[in-house]
Structure formats: C-alpha cells, structure tokens
Amino acid sequence: MRRILTSPNPKLNAIATSPIGLLQVVADLLPHVEHKQCARHIFANFRKKFTGLELKSLLWEAAMSIVEGDFLATMEKIKKITET
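Numbering (the numbering used here), first residue to last: 1481 to 1564.
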C-alpha cells in the first residue's frame, strides 16, 4: 500500500458523499492524486436550488465538455440564467 500511495501516479479513487475537509487531507497526504467531482452528485446538489430543463441541459453540457473554453462558456450561460 505504501508503494502505491507514494508512487508518482497511484491508481486510486476516493469517494465521499460529504467532502468537507477531504480535499485538503488528500492534497496533504497524497499530493499526486488527481481530484474530480462526480457530475451526478453535483447535479443532485444543483437541482436542490435550480430547476428547469434548460439548466439541467446546460449543467450536463458543462460536465461533458472536453475543452476548457467550452466549459467556461457553458458555465457563463448558467451564471446568467441563475443571476436573474
């Protein structure tokens, strides 16, 4: 386990339903681990406050973006809709 955790590219997934504090601990203990958010969980939290098919569609469009510029443009659309 120590060999895996200290390798430059460990193949690990850490899943938490409430990540409060988890990000800093992972960054401190496992500096080479990449952090990702699960789109399904982001959407579950998102729809508690925001409803409607347009926002749902835009959120998934952002989640599926593979180019940062596309992601940022979609997030800007979401921001404009939710600020009104």
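For glycine and all other residues, C-beta sits at the position ideal for the given N, C-alpha and C.
- About 6 angstroms separates the Cβ atoms of THR1562 and PHE1530, confirming a contact at the 8 angstroms cut-off.
- Our two residues, GLY1501 and GLY1549, have alpha carbons roughly 29 angstroms apart in a direct line.
- The C-beta separation of PHE1526 from LEU1509 comes to about 29 angstroms, leaving the pair out of contact by the 8 angstroms criterion.
- Under the three-state reduction of DSSP, THR1531 is assigned to coil, being neither helix nor strand.
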